[in-house]
DNA sequence: GCGACATGTCAACATGTGTTCACATTATTA
DNA sequence: TAATAATGTGAACACATGTTGACATGTCGC
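Residue numbers (the working numbering), protein chains in the order written: chain A, -4 to 229; chain B, -4 to 229.
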């Protein structure tokens, strides 16, 4: 019963700055990210592989993580920190003077963060779709959080005030989809192709513009009764 | 130099109906799909594992595939056949009498096919984001094909006639995104929850409706000059 | 200094893996 | 039916993996 469990509390903010332990712990995480640069996904990584890449003997791994699954969650954690940072940056990009400007700054912020933290975003994108259940849920949860925040932001826009919550969610998820897809496309851009990147950005902006435009004339009365619109069509 | 290579031509349509060979080849593919039911991705499968699940000794595997990579491509092939089938079904769902009806039948067709071929669609969804490069590109290519088809369909709609090709692509990719995301959400629905499934479907329809609505008043002149719209400020 | 704890290392194990070779069985066809 | 190719089997290999235990080194508080 005297088992130590140093991994349980990864975010000690009390005493240990980056004692040697913290440093190799980080080294392990970095190694994992590095190994995922190719087309390898996290589940394809082996414990020994990660240790090797981190310049550490396999057994040392256990000093910091119980197993690979826990490493995975730590990676999600680290990544989420940069994701939240990106989101915060996007939201507080100064007061919104115009809708068009909001769109542009949001997309530009996204692009900047994706390029600055390529590995993190690639990790999220991959594991969101294919990761093991634990990771996947962790990421989904974070996305849902962002979704709700966005819905709240939308509900305060003049044009969208008094929308039903269902419609607001629908709109928010539409926007989030575009952002996620845009991020994925940015990750696929061959790094040294600013033109292709520009194209992706332009398209994202266009798509956002289109749906914001639609929002201005989305019928609000008769919640689900829009079907009446095609009444005469059999 | 007298090496046989039976795997090179997987789609003989001449003589061999399902000779024993074809049958265990299929057994191997089925086994792989079955093993991916949990949260395992293809790259996490081992050759022996697949052979075992297929009720066959590991060495027999080599009679049909050179290695796992080739099995993967075969899976993509098989899956793509059902995908194309789904797409064809969606396109030829009778003459479009109303836009609303087109949306409903498209979404319903999608839902039906996803449920009927859960494993196939799950496979595509996972490997699209995280698969090794070969598979990934194969899938992407197929999606691009569909994208172009859709853009063509759109260009023939009365409201969208004379749109620029760039705008048509933008619109098409927006729609495809919604469809893909909807498919993924349907896959996450816990199987015996028709209500949740209904919610997903309703949302997808709503999103499509919103987009189509926007299309009716999307400005066509002044390609990128929409920015002028926010002149007077928020 | 010294003790106590945290980290890191070495050696070893059982197990799973991809791949090979020679051989058995089945199907096809002459 | 007999020959021939296609398909399946068994044993064996070299290797990588996860995990363990006992031991070495570092680091920090006293």
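Beta carbons are placed, not taken as given, at the ideal position from N, Cα and C, and that holds for glycine.
The three-state reading of DSSP puts residue 72 of chain B in helix, counting H, G and I together. Residue 92 of chain A and residue 196 of chain B have their C-alpha atoms some 36 Å from each other. Residues of the region 97 to 128 of chain A with a Cβ closer than 8 Å to any Cβ of chain B, in chain order: 120, 121, 122, 123, 124, 125, 126, 127, 128. For residue 115 of chain B, the CB contacts under 8 Å within the same chain, skipping 5 residues up- and downstream, are 28, 73, 74, 77, 78 in chain order.
Between residue 37 of chain A and residue 126 of chain A, the C-beta gap is smaller than 8 Å, which places the two residues in contact.
Between residue 147 of chain A and residue 152 of chain B, the alpha-carbon positions lie close to 35 Å from each other. Taking the beta carbon of residue 27 of chain B as reference, no residue of chain A falls within 7 Å; the closest one sits roughly 15 Å away. Under the DSSP assignment, residue 125 of chain A falls in the alpha helix (DSSP H) whose first and last residues are 113 to 125.
Three or more beta-carbon pairs drawn from the region 198 to 218 of chain B and the region 197 to 211 of chain A are found closer than 8 Å, and the two stretches are therefore classed as touching.
Under the Cβ criterion of 8 Å, residue 205 of chain B is counted among the residues facing chain A.
The beta strand (DSSP E) runs lying completely inside the region 82 to 113 of chain A and spanning 3 residues or more number zero.
For residue 80 of chain A, the closest of A:181, A:141, A:203 by C-alpha to C-alpha distance is A:141.
Nearest CB-CB separation between residue 202 of chain A and chain B: below the 8 Å threshold.
A direct Cα-Cα distance of roughly 24 Å separates residue 71 of chain A from residue 186 of chain A.
Closer than 8 Å at the C-beta level to chain B, one finds no residue of the region 53 to 84 of chain A. In the structure shown, the three-state DSSP call for residue 184 of chain A is coil. Judged by beta-carbon spacing, residue 124 of chain A lies within the 8 Å limit of residue 121 of chain B, meaning their Cβ atoms are closer than that value.
Less than 8 Å separates the beta-carbon of residue 84 of chain A from that of residue 108 of chain A.
Of the residues assessed, residue 157 of chain B falls on the exposed side of the cut-off, its CB having fewer than 16 other CB atoms within 10 angstroms. Residue environment: residue 43 of chain A is assigned as exposed (fewer than 16 neighbouring CB atoms within 10 Å of its CB, all protein chains considered).
Following the DSSP letters along the chain, one finds residue 132 of chain A inside the alpha helix (DSSP H) bounded by residues 128 to 150.
Taken atom to atom, the span from the alpha-carbon of residue 100 of chain A to that of residue 51 of chain B is near 57 Å. Taking a C-beta cut-off of 8 Å against chain B, the contacting residues of the region 19 to 49 of chain A are 34, 35, 36, 38, 39, listed in chain order. Close to residue 209 of chain A, with beta-carbon spacing below 7 Å, are these residues of chain B in chain order: 205, 206, 208, 209. With its beta carbon at least 8 Å from every one in chain A, residue 158 of chain B lies outside the interface.
Of the candidates A:171, A:161, A:163, A:102, A:102 places its Cα closest to the Cα of residue 198 of chain A. Residues of chain B whose Cβ lies closer than 7 Å to the Cβ of residue 148 of chain A do not exist; the shortest such Cβ separation is about 14 Å. Sequence-distant Cβ neighbours of residue 135 of chain B in its own chain, meaning closer than 8 Å and more than five residues away, are 123.
A residue is called buried once 16 or more other Cβ atoms fall within 10 Å of its Cβ, and residue 133 of chain B is buried on that count. With fewer than 16 neighbouring CB atoms inside 10 Å of its own CB, residue 143 of chain B falls in the exposed class.
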